[in-house]
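Its first residue numbered 1, the sequence shown is counted upward by one per residue in UniProt numbering. Below is one structure, written out as structure tokens; the observations come after it.
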Amino acid sequence: MMFVEGDQMERTNSGDSIISKHNSSSNSVNELLTNNFASPVPDLSSLSYVDFDVRTFFREFDPISSACWMTAGLFEIFFIRIPDLLCDFLPYCGSVVSGAALYIFAQTLALLWGFLAIAVAVLCTKTVNHIENCWFDHQLTSSTCAEPVWRILVFVYIYYCVMDIFWILAKSLFEVGWEMYGDFPGARILLNPKIYFHEVFGEEKRQEQEPSKDGSARALLGRVQYKCLLIPLLVIFIVSVLLSALQICADVFCREKESPWILELLARPSSRLSRTLRFTLFIGLLQWAQTFHAIFPRWYRTLNKLRGAAVLKSFFIFVGIPSGARLMEWTLHPGEPSRIFPGLSHTTIDNILVIAWTGIFLFASSEILRLPLKDLKEAGLQKEMFKDSKLWCRQTLRFKFMLVSCEVLHFIRGVLSARMGFTFSQNDLILISLEYPILLVVIWVSVYCSLVLSYHDLALVSLTPVLSSLGSKLLGVEAWGIVVFVTLHLEGFLVDRTASSSKLIQGFRKSRLLFDSQQHSASAATEPRMANGYERKLGGQIAHVFLLIALGFWCFLAMLGILSAIQVDQGWFPANAFIALDKVSDNSTKIFHDFGTLTLSKRLSPGPHASYVGLPEYAICNNEFWGMRAIDYGLLSLAAYFGPKELLLSSSLQVDAVLSAFFPQQSCTSLHDKKLEDAFDTCRNSKLPRHVDQHEGVDPSQKFWTEVVFEERNLTVISVRGTEFWRLSDWLEDVRMWTEPAVFTLLSNVFPTINIWSPQATAMSLLKAIGLPDSEYKYNRLVRHIRHRVLPRTPPGHQVVLTGHSLGGGIAHVVAALLNLPAVAFNPPGVYKSLAKHLHWHGEERRQMLHAAHNRTVTVLAENDFIGRLFDSHAGLVQTITCSTDQMGPLGCHMIENAVCNLLRHCNNDPRWQTCWYSYDMQPLKKGLTPSLKGLREKLQMLAERVREKSRAGNLSVMVEMLLTLVAILATISLSLRLVFMSVLDVKITSNLDLPKQPH
């Protein structure tokens, strides 16, 4: 029996007993669209959902029926009346609940954008490395470079499929989120067929409409309603069965070495992803049962008239009693072993109960919807709900209230539990907030496909996985992820092609536009909320801005990577370095670096300098860290910017010369318990530090660190070079290593709740999850060097410490965490939260070192340094110092020379240097930049001549590969532009539809 026959039914006396009377009439869409069809709106004060008739109870009494009757009453109290009471008595409840639901969807959409930005960074890195290895190193005969043309085109198509699926998911999240915020106007249109006939097709077009196979077009719309109610439950049932099947086969997946990580997580019953997904399915099941109970409040009266009624009612009792017990145990004793079901795990119990209830609901609801008109009346069909704005708005508010209340309940029970706690509950809440929008989008898309596709179309769609699998095997690109994305892309193409010719979808779109044009804003829970108003337009503009940022980030990263590869291949480095050492006299040393000059004067007397008297000391001044003081690590960080002697001819640029100037007497680097005068007297005959510049298998041109051994201190310090502004590979490494923290910093400005997430929640749950594996990080070379060359030859009791400035300080923190070594860094970007992704991909057994970083990390941070405070947070001991470089601004505060001078001035206890001055000076920059620009012009001319020679020589394979790569880049850019402006074009096309005239 279809719902469209409800026009001929007698109106029931059931409804919402909680809604109060309203004296003023509403200007809702119901009054505009159903004035020729709808009967008068019932008196809302006389409506009641469950008819507790005592005479009926005794007349139809049997134990199972009475239990079902009591279940319906309890369900109404907890899931209908209590939400209504709370929404009536809490001020602005409708706006708060609707805003919270929209916020959940927007946050999921933002995290999807962040994942896309990170994936783009990894993809650009791999593409640039391929270009560098195959084009510039001329390894065209290797297996990775000698790709045929068709294979390159296949990978371009795969990237297109991936981006298209991302776009569809993002657009669906945006659409469904605003549907939920606006009280589901699209679902209301589908469930109220009068909107189709009256306003879209018109009375004359309705008469001309050809009947369907069931006899009329009204039967077609009846099937629409039938699918809209049953498809969501069917999706929940299928997902629950698949999740249980994966967990049953967990041993099989665990034994497979190359099984997908997402399947491994889902197959482990104890994993957080599996647990939260089960709870998300439970929320969806409760929301469906709540909606069905609101439409059929006396459903229990029809159970005796269904096929297999006795078995069905027995299942209600058999499943209901343990379900209630499990729900109470889950609420009151979270995380504890089951007391009611000893010997069974929570996972097994929850899977069985969710699948059982979903199957029971699916069978019972499908049978109830097939009952004749008389029996549907007895079930209390609330046909007014689809026509009356107040009833519809109240039910959608209950739907959203169920989502918010379940998440709040799950969080509170975890916080109050001694076995879980705040961080554990917050991690669960984050995943639930991500999984529920995706589940609702899957349900939404499934309903859409069921309405659009015929049985013939479904047969074609079912063939797409087979075709994708066969194609991947034939083309030699076997991977389950590729098969999934290509299959979804092909299915989406078939659905879009079918929907373009569907009269049902055309009518729905026209009705939706008219519905939005008639809709007005209201903050109460009794009026429909605008789903296409100013807020949605603003949200769309923000989404476009973020998409443009992602596109700009992709273009910038690709350009930076290609230019970096060209710079390395062609040797486009400055002819004159931007750093130099100059010994003005025996007592004075100058360091020219970029746009500043550092002047150090030797200590000639044990007394402090007059200009430094009275300056307050920092807390770290008199402390030693693993055998040396902070000023010594600062000087070593500065020494890392000088090159090895194998690459530099000038002695003023060599590390050995710098070390001899910085550490004239090595024993003076430690004051320990001696006074300054005693230390000054013993600085004459001590051993110099030894620079280790030769390692077997290490290319000096690939080194970005300096290794110094202090034999008297049993100490080896590895100083990592920071970012050099003329070295593009350093800029590329900065962007790649801090993409995730930058994404979260940007998102936290739009979504303030991200700022209150605990570090463990942000780092371990999200950054680890979206941190894609990338083996091309520059610090991997240093990790391998220390692990295979430094540590094996280090004697017992000898300490290895890492230090560095800026990028070098960040790398020092990461490498130290990976190898369980101490680190001292100067003005580094924060790495504490993003450290989880490096620990995860380089050794999951070391994830506990995320907390140990507090014990073995020292950070010196200038007060106005924007680099150190822009991304992420810092771990361990953080010493903030002042900045006295007014001429250079924040950039001068970031320089390592500022930190060195600041520590020397405020500590004033160094036995080697008595004064320090850091001044603004553009001469080093001018001297290095002028010849570099001339050399760059000459090398560009040489590169152009080289390309012309290759083209004349007929090196066809290289030219074809360059052409195909250019085509791929242009195709990707055009696709990105299409994705950016797609929604704008869709709005323009939809606005040009031939809409019926609005009634006056």
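Backbone N, C-alpha and C define an ideal beta-carbon position, used for all residues, glycine too. As the structure is a prediction and not an experimental result, all values here were calculated from the model.
Notebook entry, point to check: What's the gap between the Cα of P795 and the Cα of Q654?
Noted result: 28 Å
Checklist line | Selected residue, minimal CA-CA separation from F592, among T423, Y157, W150, I896 | finding: I896
Next item on the list: Following the continuous beta strand (DSSP E) through G804, name the residue where it begins and the one where it ends.
Entry: 799-805
Check: Residue range of the alpha helix (DSSP H) that R272 falls in?
Finding: 272-295
Check: What is the rounded straight-line gap between the Cα of W113 and the Cα of L440?
Finding: 18 Å
Next item on the list: Would you tell me roughly how many angstroms separate the C-alpha atoms of Q247 and I786, rounded to the nearest one?
Entry: 41 Å
Check: Leaving out five residues before and five after L416 in sequence, what residues of the same chain have Cβ atoms less than 6 Å from its Cβ?
Finding: none
Check: If F296 sits next to G186, beta carbons under 8 Å apart, how far is it from one beta carbon to the other, in whole angstroms?
Finding: With 8 Å as the limit, F296 and G186 do not qualify as a contact, their Cβ atoms being about 22 Å apart.
Checklist line | Interface flag, G809 vs chain C, CB-CB below 8 Å | finding: As a matter of chain content, chain C is missing from the structure shown, which is built from one protein chain.
Checklist line | residue 1004, DSSP secondary structure in three states | finding: Outside the displayed range of the chain (1 to 1000) lies residue 1004, so it cannot be described from this structure.
Item checked: Local Cβ density within 10 Å of S834, reported as buried at 16 or more and exposed below that -> buried
Notebook entry, point to check: So is R301 buried or exposed if we call it buried at 16+ other beta carbons inside 10 Å?
Noted result: buried
Check: Do the CB positions of V801 and L903 come within less than 8 Å of each other?
Finding: no
Margin query: What would DSSP say about Y641, mapped onto helix, strand or coil?
Written below: coil
Next item on the list: Apply the 10 Å Cβ neighbour rule to residue 1020 and answer buried if 16 or more other Cβ atoms are within range, or exposed otherwise.
Entry: Missing from the structure shown is residue 1020; the chain here goes from 1 to 1000 and no further.
Check: Using a Cβ-Cβ cut-off of 8 Å (strictly less than) and excluding sequence neighbours within five positions of Q879, which residues of its own chain qualify?
Finding: Y618, A619, I620, A630, V858, T859, V860, L861
Check: So Y920 is in the beta strand (DSSP E); what residue range does that whole segment cover?
Finding: 913-920
Margin query: Going by DSSP, what residue range makes up the alpha helix (DSSP H) through L353?
Written below: 346-368
Notebook entry, point to check: Three-state secondary structure (DSSP) at W554?
Noted result: helix
Check: In three-state DSSP terms, what is F662?
Finding: helix
Check: What did DSSP end up calling F401 once you bin it into helix, strand or coil?
Finding: helix
Note to self: Taking the alpha-carbon of F386 as reference, which of L397, V319, R188 has the nearest alpha-carbon?
What the structure shows: R188
Check: Candidates D164, P322, I867, H798: which alpha carbon is nearest F493's?
Finding: D164
Check: Can you name, in chain order, every residue of its own chain whose Cβ lies under 6 Å from the Cβ of W917, other than the five neighbours on each side?
Finding: T599
Check: With respect to 7 Å, is the separation between the Cβ of S270 and the closest non-hydrogen atom of the ligand COA below this value?
Finding: Among the ligands in the structure shown, none appear at all, so the ligand COA cannot be discussed.
Next item on the list: From the DSSP output, read off the bridge partner residues of I705.
Entry: The residue asked about is misnamed: residue 705 is Trp in this sequence, not Ile. According to DSSP, W705 bridges with V720.
Checklist line | Reduced DSSP category for T599 - H, G, I as helix; E, B as strand; rest coil | finding: strand
Next item on the list: Go ahead and pull the three-state DSSP assignment for I620.
Entry: coil
Next item on the list: Would you identify the three-state DSSP class for K583, choosing helix, strand or coil?
Entry: strand
Item checked: Among S469, R419, I482, E491, the one whose alpha carbon lies nearest that of V452 -> E491
Next item on the list: Identify, in the order they occur along the chain, each residue of the same chain with its Cβ nearer than 6 Å to the Cβ of C449, setting aside the five sequence neighbours on each side.
Entry: V495
Check: If you drop the 5 nearest sequence neighbours on each side, which residues of the same chain put their C-beta closer than 7 Å to that of T358?
Finding: L233, I236, F237, S240, L285
Notebook entry, point to check: Helix, strand or coil: which one does DSSP assign to F625?
Noted result: strand
Checklist line | Distance between A72 and S765 (C-alpha atoms, nearest Å) | finding: Since pLDDT at S765 reaches only 47, below the 50 mark, its modelled position is unreliable, and the value read off the structure follows with that caveat. If I take the Cα positions, the gap works out to 39 Å.
Notebook entry, point to check: Cα-Cα, which of F316, I340, R398 is closest to S95?
Noted result: R398
Notebook entry, point to check: What are the start and end residues of the beta strand (DSSP E) that includes L861?
Noted result: 857-862
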